[in-house]
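This report concerns only the one structure given below.
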Amino acid sequence: MDHPVTPVDGLDASATAGLDPPGALPPDVPPGTGPYKLAWRRLRRNHVSLAFGGLFLLIVILCLLAPVYAAYIAHAGPNDENLAGTVLIGGKQVYIVSLIGIPIGPTWQSHYFLGADELGRDVAVRLLYGGRNSLFIGAVATLITMVLATILGTIAGYLRGIVDGFLSRFFELLWAYPAILLGIALGVSLQVGGLNLGLFTLQGSSLMVPALIIGVVYIPYVAKPIRAQVLTLREREFIDAARQQGLGPVRIMVGEILPNLASTIIVFIPLILANAILLEAGLSYLGAGVQPPNPSWGTMISEGIGLIPAAIHLTLIPGTMLVLCVLGINVFGDGVRDALDPRSQVRVGR
Amino acid sequence: MLRFAVRRLFSCIALLFAISILTFLIFEAIPNGNPALRLAGRTATQAQIDAIERTWGFNKPIYVQYYKTMEKIFDGTVISYTQQLNVESQIVQDLPPTLSLAIGAGIIWFLTGVLFGVLAAVRHGRWLDRVLTVLSLIGVSTPVFFLGAILSFYLGYKAGIFPNGDYVNITTNPIQWLYHMILPWCALSAVFVGVYSRVLRSTILDMVNDDFVRTARAKGLSERQVMTRHVLRNSLIPIVSLWGLDFASVIGGGAILTESVFNLQGVGQYAAQSIQRLDVPPVLVITMFGAFFVVLLGAVVDIVHAWLDPRVRLSA
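Those sequence lines, one after another, are chains L and S. Everything in the first sequence is counted per the numbering used here, starting at 100 for the first residue and increasing by one. Everything in the second sequence is counted per the numbering used here, starting at 822 for the first residue and increasing by one.
What follows is the structure, encoded as structure tokens:
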């Protein structure tokens, strides 16, 4: 077997001599340490990355705990409207939604911690439930993209010829279609019709609809680089050796090529996850994503923008949460990339 | 060069064909009733409906419908199902805001992205690099409609420095045009500046150790000359490719979110509204229009690429 992670090949003692880059190997690394172990050592020293990864993890945990928060702290569900209610602030009863329809801002207490929206729903509760939906869609879309793109990219790159021609045209087709246009076209049409593929059917309002759409839209962004990498991998000696041993194309693709794609796939996961969450927000803003009253960060921002300038907190709160979440993924993903590809750290010398 | 152009032209036609079929199928899968009824309006007689069915081929198999619709698109006589307005003239009418947005923002994001990327690379590891890295990561992580809404609330509504959305035609009032476009340009540019500066920074840092850079230094060029003539020229290649494709997709309706949040009434907003009305003809024309620009700019990018890097041969 070949060395599983190609980028590490360039990192020998002479390449790092005289440099002190932040991700260079510490002198105490025993020889023969595996590439993933090395990557983990580098990532562990990147405190900024880890902190932002922790931020993302914190947001995920908070969102998963949404039902607990709703039941024991806020005492309100995500879709519980409360137009006539009041809340006690500083000893005074204050209307949740004022008589001219302006919702209350953050109260910083257990009821309506982050204020209410125009129907008197608790923003903090909706924020956490919306986060569950946004993160769920992002995760499922990323899974769909990565699985399909890896399979299609590997097949195209390994088999070449007519299969590659066909698949590459397919990638180009999706590529030339602006992602957001394709997303809303598919989103609106699936909402109206639902999806019926015999074995499995989808309701138009299901969260799987935006997840599926986003997953498909991002396929070429991953499949093209994977195809290019497989094209060079298949010319390497170890693939030739496997072929000489009589291994079939499927076993070579799964057993020999796939492990060598691992670092590329790992680098792409946070990138696609971040973009999937952003695209979900964009689609929901245009009404082609998550359907109200089901909350998601995108639908909440979209509803909030309709109430600017009366209640800016309805835009600001879900938007900030979304930015923090995506920022956490991006910074952590950056750290993972640097850790897996040491050359991105070792490249500067004067 | 000629071979390159001819082959590109053919693949462009094939791609447009495929995109039009895909768009048609996406909407055909919807059980949205007979488009003839929507075209004819509420007070139509059966004879009028029959006439519309005949000219559009709605009573025929789907490929006839596709053919008839495409025929109308190439005649320039295609009208939208719901508004009965000529689609092509509608797009021409919506083009000025979209072009203003794309050209202005394209220049801003290219120059700013290159500036930030070069500064971050030259000062790598110092505080300026860190600040720029943080800024570009925030830019990449912020949805454009959120940024646009926040900008127009705080700078437009609260501070009163900028107008609150809408488009002013450049021929009626160039000053107002510029004034109204500044916020949309900034909002749309933010994400691209983030991407470009990071790509450029890592490309430059990859290249600084290359042999040709060492040679350039060894023959006595100043650090500035090495940077501009050798490193920057080579590391601009991926940036130029990215710019061509992003610019094309913004012209082709890809800036829907920016156009919507600032209410610019551009091509993207027209596409979004048509999609929501399940109005196939405008969506067909706009997606083909957008894809045409993507393919065209793709070819231009390849030519520029070959000019920047003599090792590259033009091939389709």
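Ideal placement from N, C-alpha and C gives every residue a C-beta, glycine not left out.
How should SER362/L be labelled, buried or exposed, when 16 other C-beta atoms within 10 angstroms of its C-beta is the threshold for buried? Translated into positions along the first sequence, residue 362/L becomes position 263. SER362/L is buried by the Cβ-count criterion.
Exposure of ALA112/L, with buried meaning 16 or more beta-carbon neighbours within 10 Å: The residue you call residue 112/L lines up with position 13 of the first sequence. Low confidence applies here, because ALA112/L scores a pLDDT of 37, under 50, leaving its location unreliable; read the following figure in that light. Result: exposed.
Tell me, please, whether the CB atom of SER304/L is closer than 8 Å to any CB atom in chain S? Position 205 of the first sequence holds residue 304/L. Between SER304/L and chain S, the shortest Cβ-Cβ separation is not below 8 Å.
is_contact[THR876/S, chain L] using C-beta, thresh 8 Å: Start at 1 with the first residue of the second sequence, and residue 876/S comes out as number 55. By this cut-off, THR876/S is not an interface position.
Nearest chain S C-beta to GLY122/L closer than 8 Å, yes or no? The count along the first sequence starts at 1 and reaches residue 122/L at position 23. Caution applies to GLY122/L, whose pLDDT of 49 falls short of 50 and renders its modelled position unreliable; the model cannot decide the point.
Closer than 8 Å is the cut-off here; do at least three beta carbon pairs connect the region 368–380 of chain L with the region 303–316 of chain L? yes
Secondary structure of ALA1120/S, DSSP reduced to three states: In the second sequence, counting from the first residue as 1, residue 1120/S sits at position 299. In this structure, ALA1120/S counts as helix in the three-state DSSP scheme.
Is the region 881–888 of chain S touching the region 924–935 of chain S in the sense that three or more CB pairs, one from each, lie closer than 8 Å? no
Residue-chain proximity (LEU439/L, chain S), Cβ-Cβ < 8 Å: As a position in the first sequence, residue 439/L is number 340, starting the count at 1. LEU439/L does not count as touching chain S.
Pull up the distance between the alpha-carbon of SER1062/S and that of VAL1122/S, whole angstroms please. What you label residue 1062/S is simply residue 241 of the second sequence in a count that begins at 1. What you label residue 1122/S is simply residue 301 of the second sequence in a count that begins at 1. Spanning the two alpha carbons is a distance of roughly 5 Å.
With a threshold of 8 Å between beta carbons, is PRO408/L in contact with chain S? On the first sequence, position 309 is the one that residue 408/L refers to. The beta-carbon of PRO408/L is placed less than 8 Å from the nearest beta-carbon of chain S.
For SER1070/S, go through chain C and note every residue whose CB falls closer than 7 Å to its CB, in chain order. Checking the listed chains, one finds no chain C in this structure; the protein chains it contains are L and S.
Closer than 8 Å at the beta carbon, the chain L residues around GLN843/S: Start at 1 with the first residue of the second sequence, and residue 843/S comes out as number 22. One point to set straight first is that residue 843/S is Leu, not Gln, in the sequence displayed. Ordered by position in chain L, the residues that pass the 8 Å Cβ test against LEU843/S are LEU272 and TYR276.
Report buried or exposed for LYS979/S, applying the criterion of at least 16 other Cβ atoms within 10 angstroms of its Cβ. Residue mapping note: residue 979/S aligns to position 158 of the second sequence, counting from 1. Label assigned to LYS979/S: exposed.
Using the Cα positions of MET245/L and ILE834/S, report the straight-line distance between them to the nearest angstrom. Translated into the one-based positions of the first sequence, residue 245/L becomes position 146. Translated into the one-based positions of the second sequence, residue 834/S becomes position 13. Spanning the two alpha carbons is a distance of roughly 30 Å.
Are at least three pairs of beta-carbons, each pair with one atom in the region 1092–1108 of chain S and one in the region 280–289 of chain L, less than 8 Å apart? These segments touch.
Give the DSSP bridge partners of ASP221/L, in chain order. Position 122 of the first sequence, counted from the first residue, corresponds to residue 221/L. As a beta-bridge residue in DSSP terms, ASP221/L pairs with ALA215/L.
DSSP three-state assignment for GLN192/L, whether helix, strand or coil: Walking along the first sequence from the start, residue 192/L turns up at place 93. If DSSP states are grouped into helix, strand and coil, GLN192/L belongs with the strands.
Span separating the alpha-carbon of VAL224/L from that of TYR168/L: Residue numbering aside, residue 224/L sits at position 125 when the first sequence is read from its first letter. Residue numbering aside, residue 168/L sits at position 69 when the first sequence is read from its first letter. Near 7 Å, if we compare the C-alpha coordinates of TYR168/L and VAL224/L.
Under a CB-based cut-off of 8 Å, is SER1018/S close to chain L? Here residue 1018/S corresponds to residue number 197 of the second sequence, with the count starting at 1. It does not: the Cβ of SER1018/S has no partner Cβ on chain L nearer than 8 Å.
DSSP-derived helix/strand/coil call for ILE199/L: What you label residue 199/L is simply residue 100 of the first sequence in a count that begins at 1. Reduced to three states, the DSSP call for ILE199/L is coil.
Determine, using beta carbons only, whether ALA839/S comes closer than 8 Å to chain L. Numbered from 1 along the second sequence, position 18 holds the residue referred to as residue 839/S. Closer than 8 Å: yes.
Any idea which residues DSSP pairs VAL186/L with across the strands? If you number the first sequence from 1, residue 186/L lands on position 87. Answer is VAL193/L, bridged to VAL186/L.
Environment of ASP433/L [buried if 16+ CB atoms lie within 10 Å]: Position 334 of the first sequence, counted from the start, is the residue given in the question as residue 433/L. With at least 16 other beta carbons inside 10 angstroms of its own, ASP433/L counts as buried.
Run through the region 961–1039 of chain S for me and flag every whole alpha helix (DSSP H) of 4 or more residues, listed as ranges in chain order. 965–972, 995–1028 and 1032–1039
Nearest neighbour of TYR988/S, chosen from TYR1017/S, LEU922/S, TYR887/S and TRP948/S [CA to CA]: By one-based count along the second sequence, residue 988/S stands at place 167. Closest by C-alpha distance to TYR988/S, out of TYR1017/S, LEU922/S, TYR887/S and TRP948/S, is LEU922/S.
Between GLY418/L and chain S, is there a C-beta pair that is closer than 8 Å? To locate residue 418/L, count along the first sequence from 1; it is residue 319. Yes - at least one Cβ of chain S is within 8 Å of the one on GLY418/L.
Interface residues of chain L facing THR933/S [CB-CB closer than 9 Å]: Against the second sequence, residue 933/S aligns to sequence position 112. Going along chain L, no residue has its Cβ under 9 Å from THR933/S, so there is no contact; the nearest lies around 19 Å.
Proximity to LEU306/L [Cα-Cα], best of TYR276/L, GLY230/L, ALA150/L and PRO319/L: Counting from 1 along the first sequence, the entry for residue 306/L is found at position 207. It is GLY230/L.
Taking all protein chains shown into account, decide if MET822/S is buried (16 or more other Cβ within 10 angstroms of its Cβ) or exposed. By 1-based counting over the second sequence, the position of residue 822/S is 1. Counting other Cβ atoms within 10 Å of its Cβ, MET822/S stays below 16 and is therefore classed as exposed.
So which residues on chain S does VAL425/L lean against when the C-beta distance must stay under 7 Å? Start at 1 with the first residue of the first sequence, and residue 425/L comes out as number 326. Here the neighbours are SER962.
Excluding the five sequence neighbours on either side, which residues of its own chain have a C-beta within less than 7 Å of the C-beta of THR1036/S, listed in chain order? The residue given as residue 1036/S occupies position 215 in the second sequence. Contacts found: none.
Is TYR988/S close to chain L, meaning its C-beta is less than 8 Å from at least one C-beta of that chain? Residue numbering aside, residue 988/S sits at position 167 when the second sequence is read from its first letter. No, because no Cβ of chain L sits closer than 8 Å to the Cβ of TYR988/S.
Contacts around ILE243/L, its chain only, beta-carbon distance under 6 Å, and the 5 residues preceding and following it disregarded: Walking along the first sequence from the start, residue 243/L turns up at place 144. Excluding positions up to five away in sequence, the list reads GLY314.
Assuming THR419/L and ILE400/L form a contact by the criterion Cβ under 8 Å, report the distance between their Cβ atoms to the nearest whole angstrom. Here the question's residue 419/L lines up with position 320 in the first sequence. Here the question's residue 400/L lines up with position 301 in the first sequence. Actually they are not in contact, since the Cβ atoms of THR419/L and ILE400/L sit about 10 Å apart, beyond 8 Å.
Would you tell me roughly how many angstroms separate the C-alpha atoms of ILE1058/S and PRO205/L, rounded to the nearest one? Taking the second sequence and counting its residues from 1, one reaches residue 1058/S at position 237. Taking the first sequence and counting its residues from 1, one reaches residue 205/L at position 106. C-alpha of ILE1058/S to C-alpha of PRO205/L: approximately 49 Å in a straight line.
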